[in-house]
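Residue numbers (our numbering): 355 to 558.
The C-beta atom is built at its ideal place from N, Cα and C for all residues, glycine as well.
Quick notes on the structure that follows.
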Amino acid sequence: MDFRTWPPVLVVDVEGNGEQPPDLVEVAAIPVIGGSPVPKSTRSTLIRPPRLITPFARRVHGIRNQDVAQAPAWEQVGPQVYADLEGAWICAHNAHVDYSVLLRHMPTWKPAGVLDTLRLARATYPKAGRYSLDALIELTGLDLASVPGQRHRAAYDAHATALLLIALAGHYDTWDALLTAAVPPGMPGAPLPAPPKSEEQTLW
């Protein structure tokens, strides 16, 4: 894989308040350029949701209602998130979750495409059995010692997913081959199906 052929990719992760549908409490994005994440360019922000964080969600990501009490509301940070992500290739683990939450908050948002490391991992390791982010970090032997923060926080998970994307992408020769394996059907950026082969005319 020649990473120089890649367009800029933003690996994103979101954390919600546990309601259905969820309100955002944290969003992060880290660029991948030239086959490496760029931590200094990570954007991450806490968001004060309109509904309280549920006890279940708090146990998952550790973000408490008091942690976001003084955070900006979505209306304050949404325009910048939109500007960062509009027209960009994005990547997430189990991407339909992050994509659907972001799209609900930004109905006019149109990314260039959506890469899913869960789908990519299933194509790369069809016999792995487990495809959670933790399981794939262990399978691929990723060293996360230098990743700041903690698991289940948006910036940490985005950085870990970026490293997983790079590790998985090494199994593919070209960007187009990666897209075929990584973009879920119906998502932005999905390769168009090949046209059916025309049958030769038969004379009777």
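Beta carbon of residue 404 nearer than 7 Å to that of residue 377: yes
Three-state secondary structure assigned by DSSP to residue 528: coil
C-beta contact flag for residue 396 and residue 384 at 7 Å: yes
Buried or exposed by the 16-neighbour rule on C-beta atoms within 10 Å, applied to residue 478: buried
According to DSSP, residues forming a beta bridge with residue 440: In DSSP, residue 440 forms no bridge with anything.
Assumed close pair residue 521, residue 361 - CB separation to whole angstroms, cut-off 8 Å: 19 Å between Cβ atoms; not a contact.
Sequence-distant residues of its chain with Cβ nearer than 7 Å to residue 298 (five each side left out): For the chain, the structure presents residues 355 to 558; residue 298 sits outside this window and is missing.
Residue 480, buried or exposed, once every other Cβ within 10 Å from all chains shown has been counted against 16: exposed
Whole-Å CB distance - residue 366 paired with residue 446, under 8 Å assumed: 5 Å
4 or more residues per run - each alpha helix (DSSP H) lying fully within the segment 373 to 458: 409 to 415, 428 to 439
Close beta carbons around residue 509, own chain, < 6 Å, minus the five adjacent residues each side: 382, 396, 398, 503
Residue 493 and residue 482 closer than 7 Å at C-beta: yes
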